[in-house]
Amino acid sequence: NAGVTQTPKFQVLKTGQSMTLQCAQDMNHNSMYWYRQDPGMGLRLIYYSASEGTTDKGEVPNGYNVSRLNKREFSLRLESAAPSQTSVYFCASFRKTHGELFFGEGSRLTVL
Amino acid sequence: EDQVTQSPEALRLQEGESSSLNCSYTVSGLRGLFWYRQDPGKGPEFLFTLYSAGEEKEKERLKATLTKKESFLHITAPKPEDSATYLCAVQGARSNDYKLSFGAGTTVTVRA
């Protein structure tokens, strides 16, 4: 079982460049999330999608956009990357019956 | 705003030396408190969900307990493979769509 798959795993960008992080889940979950993780700050929610066709802002949405392409896929786009967006990004999907988030392995982004 | 504070930030244990991690939270009505384990370079992995004060859950050497203001993760007779960062998260009553607020984590190192 693949679970939650994120690509790419590593990326280096220059300030002002754009890129899209891809996420796919094969567990038929309705809800999907994008978090960023920075040292000493824990996981912070960027955007989420409660179901196919809907997206909503989380705690730190500025500088990001998302697309829920279908039930399986939820992408995160940085239109003009800034050094403050250097972080580890995690995609997750939610299994309602157990109150359980399933995370991908993360995408490590460095913005120079 | 829901807040989660974990202590200590880091914990170094000798194999077999039991200890506890603390998670203090502030929420307007707790829907659920969650514990996750995160290994270096990996995404968080679900451990437990607790829903009400007095509830306890166990898994191997780990036991999670919940009061109205905090949760404890007890590690009994730890082994080196228990070394990881342990994350606590809460879902408050105002948080729809299963949005969780995470603490910064406690990094546990168990020496043989």
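Same order as they appear, the protein sequences are chains A and B.
Position in the first sequence (first residue = 1) + 1406 = the numbering used here.
Position in the second sequence (first residue = 1) + 17 = the numbering used here.
Where a beta carbon is used, it is the ideal one built from N, C-alpha and C, also for glycine.
Evaluate the contact criterion for the segment 69–80 of chain B versus the segment 109–126 of chain B: three or more CB pairs, one atom per stretch, below 8 Å.
These segments do not touch.
I'd like to check one pair, B/Phe63 with B/Ala12: are the Cβ atoms closer than 8 Å?
Because residue 12 of chain B is not part of the residues shown, which for chain B are 18 to 129, the question remains open.
Mind pulling the chain B residues with CB within less than 9 Å of A/His1504?
As a working note, residue 1504 of chain A is residue 98 in the first sequence. Those are Phe63, Thr66, listed as they occur along chain B.
Output needed for A/His1435: all residues of its chain with C-beta closer than 7 Å, excluding positions within five of it in sequence on either side, in chain order.
Along the first sequence, read from residue 1 onward, the residue named residue 1435 of chain A stands at position 29. These residues qualify, in order along the chain: Ser1499, Phe1500, Arg1501.
From B/Gln108, B/Leu30, B/Tyr115, B/Pro95, residue whose alpha carbon lies closest to that of B/Gln20
Position 3 of the second sequence, counting from 1, holds the residue named residue 20 of chain B. The residue with the shortest Cα to Cα distance from B/Gln20 is B/Gln108.
What span of residues does the beta strand (DSSP E) with A/Leu1484 cover, start to end?
Counting from 1 along the first sequence, the entry for residue 1484 of chain A is found at position 78. Its beta strand (DSSP E) spans residues 1480–1484.
Hey, how far is the Cα of A/Asp1462 from the Cα of A/Tyr1453?
Working through the first sequence from its first residue, we reach residue 1462 of chain A at position 56. Working through the first sequence from its first residue, we reach residue 1453 of chain A at position 47. Approximately 6 Å, taken between the alpha carbons.
Spatial neighbours of B/Gln55 within its chain, please: C-beta separation below 8 Å, excluding the five flanking residues on both sides.
Mapped onto the second sequence, residue 55 of chain B falls at position 38. Around B/Gln55: Pro61, Glu62, Ala101, Thr102, Tyr103, Leu104, Gly122.
Closer than 8 Å to chain C by CB, A/Gly1448:
Although the question refers to chain C, the structure presented lacks it and instead comprises the protein chains A and B.
So, for A/Pro1414: in the same chain, excluding its five sequence neighbours on each side, which residues have a beta-carbon less than 7 Å away from its beta-carbon?
What you label residue 1414 of chain A is simply residue 8 of the first sequence in a count that begins at 1. If we look at A/Pro1414 and ignore the five residues flanking it on each side, its Cβ neighbours are Ser1513.
Hey, quick one: how far does the beta strand (DSSP E) through A/Glu1506 stretch, first residue to last?
As a position in the first sequence, residue 1506 of chain A is number 100, starting the count at 1. Where A/Glu1506 is concerned, the enclosing beta strand (DSSP E) stretches over 1506–1509.
Using a Cβ-Cβ distance cut-off of 8 Å, determine whether B/Ala121 contacts chain A.
As a first step, residue 121 of chain B must be located in the second sequence, where it is residue number 104. Chain A, which has a Cβ nearer than 8 Å to the Cβ of B/Ala121, makes this yes.
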